[in-house]
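Q: In the working numbering, the protein residues as written are 4 to 686. Each residue gets a CB set at the ideal place from its N, CA and C atoms; glycine is no exception. Predicted, not measured: the structure shown is a model, and the values here were computed from it. Pasting in a structure now, in structure tokens, and then I'll have a few things to ask.
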């Protein structure tokens, strides 16, 4: 019999796949030039049977949820649904892929690497999230929830093991590994046993695709979603079908999927040292390698590992989740929290600031400047530039952040808008015995363990024992990393990016304990709301090149084939065709959920073509190459799977070109191109 009303929904949130910087590695050169897999928002609504309370969990294939994004989503939900979906019962979480379009932030720091606020990018994500919630809302069914947990092997390493070792030996000895290998899975079925979907929480950085990648995609966890949904939505194209599988982020702060560890790109020797430095070329040359032959292969291997464990847990999920729903939320000024460490000792958080090692990047993505991780002294050259550009940090901020040498005192930088948030969301939603802690950033392995333990203890001591406590990462507003006090002392990347100072974790633990206590004692209504976050009035502040009219080579038209396919291929080869193209941004701005390509198979009996793959497929790649004078090419690759049915196939391309009609008006005109037919022969 049913315990809840359940709804699931999935919607495209890909946005512009060209010219927009990808969000994650903070590398301004890493701009989109095509598409490997589409990005989706996946929404799950749980209501109690009398529909008096609801909880919404959304996992979106984006780098992180920004405050701007959350505020705009909540505004839209309010105008559609009134008080049904609010800041306390809606959790928005990002998977943390580093290969999605950026530009959806209101705080100035994030403008530097993503070329400002890019409306088409922000709108695509806002609309995709809202649409996924709409679909879930319209398809509520009576159903049941099941939970399971298990260990995922061979899919993570700790990328700052020297920081982890700073934690007390007595604490470390309680854990068998320096990463959290546990996956927690929530399975949803309706009362007739029809499968609706699942949410998996697992701590790993989706950085199997490295910072040389220019194709928009959802990385390893997105590939896990893709495999699960392809399996359950039989006969459907990727992105279609009712079963929704979300692989959500957790306390992944110091966790990399690049399991071979760090090597010097130039010499091949290991650079697994406390500063991640190579003898020749320094930190710039130190990169972690995944298990595959290349980044695509590593994405596939790690994604498949995660998927296979999820499938096993899903099939054996018998422990039912029952009990009431509740949610608690507060806005907190994180730059000014007093934390009682014990009866006699109170400490404070700081105004946000980033340390030197922030600019060094990590072994998953090297920084743009020549900084090394674990920096405890500044450098006069950068200090000078910073003081001129940005003003020197105050003595108070310097003292508060010790031993962090401050590179950017973002909390003291307010032009043209503040550079970092002060007002941060803390939030917990409870679905029966499952408590989801929505955290605004990237908790390291040990930080996450301390937080989960503290919240569980709080529930225990207020009469709600045996809670399953899970951390959902990258929620609601982005505040970089949260390390433990001990990890903070050695100032590697994660510590330099712990923006509210050494006591950030202690402050969050105090705050989340307060939320857990309110839920356990049924006093959520008495929690102070806290100070409302700002909503800056920003137009389209962007350095993105403006969309110019598209042009074609002499005697050619849009969609013409420039480089034809071969007449014959075997499975496991790559079919490739190049067309006269146009800027893909035209399509993103003029046709939502535009599909750029299809692979089609010819059917004799009906003398017709039917689509076997689309642009969301893992086996297709869409490349856009910008030329001069408004010209551009599109190359489509189909990596032919080994189980492809022999027969006759073709590849099609769909685009829009921009045509200027007069000085102030332009039209976007749809066009398509088709390759010659080609044959696939048996292996």
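(1) Relative to the C-alpha of residue 426, which residue among 651, 160, 453, 337 is closest?
(2) For residue 232, which of helix, strand or coil comes out of DSSP?
(3) Report back the beta-carbon spacing between residue 242 and residue 41 to the nearest angstrom; my notes put them in contact at under 8 Å.
(4) Would you call the stretch 522–540 in contact with the stretch 323–335, where contact means no fewer than 3 C-beta pairs closer than 8 Å?
(5) Tell me the DSSP secondary structure of residue 307 in three-state form.
(6) Between which two residues does the beta strand (DSSP E) carrying residue 322 extend?
(7) Compute the beta-carbon to beta-carbon distance between residue 245 and residue 132, rounded to the nearest angstrom, for a pair I have assumed lies under 8 Å.
(8) Between the Cα of residue 86 and the Cα atoms of 111, 583, 99, 56, which residue gives the shortest distance?
(9) Output the residue ranges of the beta strand (DSSP E) runs that lie fully inside the stretch 29–102 and measure 3 residues or longer, sorted by chain position.
(10) Of the choices 158, 193, 92, 48, whose alpha-carbon is the least far from that of residue 138?
(11) Starting from residue 636, follow the beta strand (DSSP E) in both directions and report where the run begins and ends.
(12) Which stretch, first to last residue, makes up the beta strand (DSSP E) that contains residue 501?
(13) Suppose you measure from the CA of residue 203 to the CA of residue 396; what does that come to, to the nearest Å?
(14) Between which residues of its own chain and residue 598 is the CB-CB distance below 7 Å, once the five residues before and five after are set aside?
(15) Quick check on the DSSP output: the alpha helix (DSSP H) that includes residue 398 runs from which residue to which?
(16) Starting from residue 489, trace the beta strand (DSSP E) in both directions and tell me its first and last residue.
(17) Which residues does DSSP list as the beta-bridge partners of residue 436?
(18) Using 9 Å as the threshold, is the C-beta distance between residue 418 and residue 111 below it?
(19) What do you reckon, are the CB atoms on residue 64 and residue 116 nearer than 9 Å?
(20) Express the C-alpha separation of residue 183 and residue 168 in angstroms, rounding to a whole number.
(21) Can you tell me which of 485, 498, 522, 497 puts its alpha carbon nearest to the alpha carbon of residue 512?
(22) On a CA-only basis, which of 510, 436, 470, 354 is nearest residue 429? Give me that one, please.
(23) Closer than 6 Å by C-beta to residue 325: which residues in its own chain qualify, once you throw out the five before and the five after it? Chain order, please.
(24) What number of angstroms, rounded off, separates the C-alpha of residue 293 from the C-alpha of residue 209?
(25) For a minimum of 3 consecutive residues, which ranges assigned as the beta strand (DSSP E) are wholly contained in the stretch 238–303?
(26) Would you say the stretch 263–274 touches the stretch 232–242, given that touching needs at least three Cβ pairs under 8 Å?
(27) Could you check which residue in 101, 176, 192, 28 has the C-alpha nearest to that of residue 148?
(28) Tell me the residue span of the beta strand (DSSP E) that contains residue 472.
(29) Name the DSSP beta bridge partners of residue 26, please?
(30) Take residue 647 as the anchor and find which of 479, 414, 685, 171 has the nearest alpha-carbon.
(31) So is residue 562 buried or exposed if we call it buried at 16+ other beta carbons inside 10 Å?
(32) Rank 214, 312, 473, 400 by C-alpha distance to the C-alpha of residue 230 and give the top, closest one.
(33) Where in the stretch 542–603 do unbroken runs of the alpha helix (DSSP H), each at least 4 residues long, occur, reported from the N-terminal end onward?
(34) Between which residues of its own chain and residue 393 is the CB-CB distance below 8 Å, once the five residues before and five after are set aside?
(35) Just to confirm, is the Cβ distance from residue 71 to residue 625 under 9 Å?
(36) Taking 8 Å as the limit between beta carbons, can you name the residues of its chain near residue 679, skipping five residues before and five after?
A: From the atom records:
(1) For the purposes of this step, residue 426 is identified with residue 423 of the chain shown, where counting begins at 1. Minimum Cα distance to residue 426 is reached at 337.
(2) As a first step, residue 232 must be located in the chain shown, where it is residue number 229. DSSP places residue 232 in helix when its eight states are reduced to three.
(3) Position 239 of the chain shown, counting from 1, holds the residue named residue 242. Position 38 of the chain shown, counting from 1, holds the residue named residue 41. Between residue 41 and residue 242 the Cβ distance is about 6 Å, and since that is below 8 Å, they are a contact.
(4) yes
(5) By 1-based counting over the chain shown, the position of residue 307 is 304. Note: residue 307 maps to helix in three-state DSSP.
(6) Counting from one through the chain shown, the residue named residue 322 turns up at place 319. Here the beta strand (DSSP E) through residue 322 covers 322–324.
(7) Residue mapping note: residue 245 aligns to position 242 of the chain shown, counting from 1. Residue mapping note: residue 132 aligns to position 129 of the chain shown, counting from 1. Going by Cβ atoms, the distance from residue 245 to residue 132 rounds to 19 Å, so no, they are not a contact pair.
(8) Counting from one through the chain shown, the residue named residue 86 turns up at place 83. Of the listed residues, the one whose Cα sits closest to residue 86 is 56.
(9) 34–38, 43–51, 57–63, 93–97
(10) In the chain shown, residue 138 corresponds to position 135, counting from 1. Closest option to residue 138, Cα to Cα, is 48.
(11) The sequence position of residue 636 within the chain shown is 633, counting from 1. Counting along the chain, the beta strand (DSSP E) containing residue 636 begins and ends at 635–642.
(12) Looking up residue 501 in the chain shown gives position 498. Looking at the DSSP string, residue 501 is not in any beta strand (DSSP E), and its letter there is neither H nor E.
(13) Here residue 203 is taken as the residue at index 200 of the chain shown, counted from 1. Here residue 396 is taken as the residue at index 393 of the chain shown, counted from 1. Their backbone Cα atoms lie some 42 Å apart in a straight line.
(14) Residue 598 sits at position 595 when you count from the first residue of the chain shown. Here the set comprises 617, 618, 657.
(15) Here residue 398 is taken as the residue at index 395 of the chain shown, counted from 1. First-last of the alpha helix (DSSP H) with residue 398: 398–404.
(16) Taking the first residue of the chain shown as position 1, residue 489 is located at position 486. It is not in any beta strand (DSSP E) - residue 489 instead sits in the alpha helix (DSSP H) that spans 488–491.
(17) Within the chain shown, the letter at position 433 stands for residue 436. Answer is none; residue 436 lacks a bridge partner.
(18) Translated into the one-based positions of the chain shown, residue 418 becomes position 415. Translated into the one-based positions of the chain shown, residue 111 becomes position 108. Against a cut-off of 9 Å, the Cβ pair of residue 111 and residue 418 comes out as a contact.
(19) Reading the chain shown from its first residue, position 61 is the one you call residue 64. Reading the chain shown from its first residue, position 113 is the one you call residue 116. Not in contact: residue 64 and residue 116 (Cβ atoms no closer than 9 Å).
(20) Here residue 168 is taken as the residue at index 165 of the chain shown, counted from 1. Here residue 183 is taken as the residue at index 180 of the chain shown, counted from 1. Spanning the two alpha carbons is a distance of roughly 15 Å.
(21) By 1-based counting over the chain shown, the position of residue 512 is 509. Nearest option by C-alpha distance: 485.
(22) By 1-based counting over the chain shown, the position of residue 429 is 426. The shortest Cα separation from residue 429 among 510, 436, 470, 354 belongs to 510.
(23) The residue labelled residue 325 in the question sits at position 322 within the chain shown. Cβ within range, chain order: 6, 435.
(24) Here residue 293 is taken as the residue at index 290 of the chain shown, counted from 1. Here residue 209 is taken as the residue at index 206 of the chain shown, counted from 1. About 11 Å.
(25) 247–251, 264–267, 289–292
(26) no
(27) Position 145 of the chain shown, counting from 1, holds the residue named residue 148. Taking only the C-alpha atoms, the option nearest residue 148 is 192.
(28) The residue labelled residue 472 in the question sits at position 469 within the chain shown. Residues 471–475.
(29) Position 23 of the chain shown, counted from the first residue, corresponds to residue 26. BP columns for residue 26 point to 103.
(30) Within the chain shown, the letter at position 644 stands for residue 647. With distances taken between Cα atoms, residue 647 lies closest to 685.
(31) Reading the chain shown from its first residue, position 559 is the one you call residue 562. Burial call: buried.
(32) Here residue 230 corresponds to residue number 227 of the chain shown, with the count starting at 1. Selected option, being the one with the closest Cα: 312.
(33) 588–593
(34) Position 390 of the chain shown holds residue 393. Correct list, in chain order: 411, 412, 416.
(35) The sequence position of residue 71 within the chain shown is 68, counting from 1. The sequence position of residue 625 within the chain shown is 622, counting from 1. No, these two residues do not count as a Cβ contact at 9 Å.
(36) Here residue 679 refers to the residue found at position 676 when the chain shown is read from its first residue. Counting only Cβ-Cβ distances below 8 Å, and skipping sequence neighbours, we find 564, 567, 568, 570, 653.
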